[in-house]
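Chains A and B supply the protein sequences, listed in that same order. For the first sequence, the working numbering begins at 1360 and goes up steadily by one. For the second sequence, the working numbering begins at 2 and goes up steadily by one. Just below is one structure, and these are the notes that go with it.
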Amino acid sequence: MKKLLIVIIIVAIGLVSCTKKEETKVVEYMITGLTDPYNIVFLDDEGNSISKKVSPIAVDYEWSQSFEKGNGEPVYLFLKFKENIKDSPKFSAGIIIDGKYEYQRRGWDKNIGDSIYEVKVAGIVPIK
Amino acid sequence: MMKRLLLLFILLPLFSFAQNTGSVSGIISDNYTSALISGAEIKVLNNKGGVSNEKGYYSITNIPIGTYSIVVKYLGYETQNIDVTIIDGKNVELNIAMFIDIKELLAVDIRDDKIETHSYSKVVLREADLEQRPIRDIADYMREVPNISAIRKGGANLDPVIRGFKFSQLNVQLDNGQKIEGGCPNRMDPTTAHVEAGDIEAIEVYKGPFALRFGENMGGVVNLLTSSPRPFDEFQLHVKAHLGFESNWNGQRQHMTVYGGGKKVFFSLSGNNAAYGDYTDGDGNKNKSSFSKYGYTAKLGFAPVENHKIILSFSDLYANNVDFPALPMDERLDATKYYSADYSATKVSDFIETINAKVYFSDVDHTMDNKERGFGDTVIAVSNIIAKRFGYRAEVGINTSNNSHLFVGTDMYKISKDGTREKTMIGQNPMNNKVIVKNEKLWNNASITNYGAFMEYRYNYNLWEAVVSSRIDFNSSYSDSISLINGNKVDIIGTPADSTHSSLVNFSISAGLSRKIGENMSIGLSAGRGVRSPDMLERFIITLPVGYDNYEYIGNPLLKAEVNNEIDIIYKYQNQTYGGIELTAFYSFVQNYIGGKYVPPAVQKPLTKGVLGVKKFENIGNASIYGFELTYATPRRYKFRASVTAAITQGTLGETENLIFDANGKVTGIETINNDPVAEIPPFNTNINLSYNCMKGKLMPSLNLRYSGSQNRISVSMQELTTPDFALLDASIKYKYNQNLSLIAGVNNILNKTYYEHLNRRILGTNERIYEPGRVLFVNLILNF
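As structure tokens, this is what we get:
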């Protein structure tokens, strides 16, 4: 009986040790502060490049897209627009992971000919 | 000439000599309780032995005169090797006290197919020794042995180095012949990393190119023996568990084995889990070293008739998030599966003593990436490599006479490797509304096939022992095109696409002769020529920084085989009162040494950011490697025990190229230098261990002092860095409550020294080395029912 009890304890320790860790996180791409139509490219949950034209329908319009993504997977959001965001302090393009902004831009990366702006936000889903 | 030599070795066994005989007898008892042991196995020659009766008495008669090493085995006790001299017409009385050994209570397979020899340098590390230490990594533990060190690139998966020989220069295998081909070009996963430390029952290390029965061997053989199920007279079920904790790493590991069965069918099932964090060095700085590993191994054995056994084995092991700060990537996931089927037979007939056959297959799925690196925000690089290895080994052990034995056999393996690196350019804007993704080949359906045949002949006569071993290997390799055409339309590999075929015929041979001098002394001389074919990396890698130096390397299918011509002298002295001493000196002359030769940027620019340039694998010339090893230990029967080891190796390349740089790190010229030291050779190292066996073996405190000298003898051509000396103090205590429960606790690096070993690589992009852990408190709990 004593032996059996010890065997059960050992097996239980073994099983507890093998508890599975979470291997995915919730990823949300979010763009705010733009009122004119703009083009975006992002990586979806399967790693495919998705391109889209977004047409805001109100001043406070927020575009967002969320899905589950594996830890370590690349996340990528690219915007191309004509609106001068100097006049829009609410502008933000970011990637929220498990409810927290992991990557965020509040200004443009590139200004082509003073009329086309480009913003890129990218990284990975944190591994640990 | 070669044919004549071969003929000579085949004919050698036919010689025999008439001899006079004597006998040996005595009582076998327990060292602590003095209880008589019946059923202990005593073996003098391979075909001469006996079993102790119910009064512990044994007697072996008609032994040819001479000096022999008697082997005494009994389940639950440490195997003993005792030297005895048989005198004509006389009986030698030899009473033997046996020491309890936890590991022998487990699933122990008596591996009697190997006869001890005084001619080769062989070290055996047992499970009982392993349990004394916090074993998270096999190669890490092997660093305890004189002249064995290991290359550290991260917290785990260290790569063993024996006497300056490393990587494919060593034959690292599992259970007498099985090999696992790692996936990583940067050797994140050497063979030792694919075996769970908790499954290890013993590690045999044969230094030098002398043991040729276990495959191509140039610098030494490391044979990792895992625990194997064994038959029981009546059905039994047992459990063994090993729980470990290490404070500094916040590391914990669990290993459990359930084993049992009956006379004809028996089994073992083991599972392991380990999770380690980052450790801090002596200054309290954190070193990236975390990893987790888990998996299981199942073995099923059959003994349809006496002395015949079949064991089927399957392992499924995983490693996750293993950090390698010295490399451009970390190991994200390693999934390893290996299978084997073993057949063994003993005492088949008067002529055939043993038959061993094995067939195995391993499949390694290795994924690594740079996702946790600073530059991961511009390019995410993920490499996936599938490495497969299939092989077999078959061997027959023949009693050629009363005092000679012959092993003959054949082995074969086929390795195949294919891998790509996917680069997601997240630092760049999309192209045609798509995120830019590039795919590059690391290996392109590369394969190596090897067929070998071997023999080993051992002969004892009076005070002499002779061993002759030889093998021949037919090695061929192939890869789909690895051509890299540069901007000038020049193929930088330098071979047409259809010339990735290469075939080599390698002949290896070794001979050892030893002689007993008086009762306690022996001297041995071994000479050998061990040949190994270039490995998959050296032949077929397609541009990757894989060397010690910061260069991108490209493979060369036309490499010649590397050859080690080595001579060893071994002196042994064993005294019942003063203990044993072993001194080995060795000299190696390595031909066709494989290294890197510079490829100018006009021919090929590197593909990897931050490297200094490109090198191509070439046979760069000859090297000399030499050194010595010293071991002393007091007799095991003493309560107070002491052991001392000391070792040094030095190596020199005959002629090699050295690059000259300007202030901006640009190559301005190439010079030829002579006598450049071989890179990555550890400095002088000595170890003193003291232990006290009290409470009839229940309590054993021990203290270990280690000194490693500075290494200023560094390779100029490889831009190697010097290493300062250091001294370490470790302490541990083992408490054996009973046969079922043991507790081992200790503190390593008590003085919290900040230090690094010479073979610790530098952190990528810096000249800073990976430091070893500071003070570590460890606890091992071993349960066995």
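All C-beta atoms in this analysis are idealised placements derived from N, C-alpha and C, irrespective of residue type, glycine included.
The contact set of ASP370/B on chain A, defined by CB atoms closer than 8 Å, consists of GLY1431 in chain order.
Listed in chain order, the beta strand (DSSP E) elements of length 3 or more contained wholly in the segment 519-546 of chain B are 522-533.
At least one beta carbon of chain A lies nearer than 8 Å to the beta carbon of THR425/B.
For ALA1452/A, no chain B residue has a C-beta closer than 9 Å to its own C-beta; the minimum C-beta separation is roughly 14 Å. Rounded to whole angstroms, the gap between the alpha carbons of THR421/B and PHE100/B is 54 Å.
Three or more beta-carbon pairs drawn from the segment 445-457 of chain B and the segment 534-543 of chain B are found closer than 8 Å, and the two stretches are therefore classed as touching. Taking GLU553/B as the centre and dropping the five residues before and after it, the same chain places the C-beta of THR544, PRO546, PRO607, THR609, VAL612, VAL615 closer than 6 Å to its C-beta, in chain order.
With its beta carbon less than 8 Å from one in chain A, ASN434/B belongs to the interface. Per the DSSP secondary-structure output, PRO65/B pairs in a beta bridge with THR22/B. Membership of ALA647/B in any alpha helix (DSSP H) is not indicated; the residue belongs instead to the beta strand (DSSP E) covering 641-662. Neighbours of SER1408/A in chain B, taken as residues whose beta carbon is under 8 Å from its own, are PRO431, ASN434, LYS435, VAL436 in chain order.
Interface flag for TYR1435/A against chain B is set, since a Cβ pair is found closer than 8 Å. Counting C-beta atoms within 10 angstroms of its own C-beta, LYS1441/A has fewer than 16 neighbours from the protein chains shown and is therefore classed as exposed. Our two residues, ASN566/B and ARG472/B, have alpha carbons roughly 15 Å apart in a direct line. For a Cβ distance threshold of 9 Å, residue set SER291, ASN322, GLU373 of chain B lies close to LYS1487/A, ordered along the chain. The residue among ASN690/B, PRO725/B, PHE215/B with its C-alpha nearest the C-alpha of PRO684/B is PRO725/B. With a threshold of 8 Å between beta carbons, ILE381/B makes contact with chain A. In the three-state reduction of the DSSP assignment, GLY184/B falls in the coil class.
For GLU1477/A, the chain B residues whose Cβ falls inside 7 Å of its Cβ are ASN430, in order along the chain. Membership of MET99/B in the beta strand (DSSP E) is indicated by the continuous run 97-99. Under the three-state reduction of DSSP, MET696/B is assigned to coil, being neither helix nor strand. Neighbours of VAL1400/A in chain B, taken as residues at a C-beta separation under 7 Å, are given in chain order as PRO431, ASN434, VAL436.
For MET257/B, no alpha helix (DSSP H) encloses it; the enclosing beta strand (DSSP E) starts and ends at 252-262. Nearest Cα to PHE303/B within the set PHE587/B, LYS294/B, PHE267/B: PHE267/B. For GLY420/B, the three-state secondary structure derived from DSSP is strand. When the Cα atoms are used, SER417/B and ILE570/B turn out to be separated by approximately 39 Å. In the structure shown, TYR339/B adopts extended strand secondary structure according to DSSP, grouped into three states.
Ranking VAL532/B, GLY263/B, GLY513/B by CA distance to the CA of LEU526/B puts GLY513/B first. Taking a beta-carbon distance threshold of 8 Å, ARG137/B does not count as an interface residue toward chain A. Taking the beta carbon of ARG153/B as reference, no residue of chain A falls within 7 Å; the closest one sits roughly 22 Å away. Only those residues of the segment 327-355 of chain B whose C-beta falls short of 8 Å from the nearest C-beta of chain A are listed: ARG333. For SER448/B, the three-state secondary structure derived from DSSP is strand. By the Cβ criterion, the segment 209-225 of chain B is not in contact with the segment 745-752 of chain B, since fewer than three pairs of Cβ atoms, one from each stretch, lie closer than 8 Å. When Cβ pairs closer than 8 Å are counted between the two stretches, the segment 593-608 of chain B is seen not to touch the segment 190-202 of chain B, the count staying below three. Rounded to the nearest angstrom, the Cβ distance from GLU354/B to ILE399/B is 7 Å, consistent with a contact under 8 Å.
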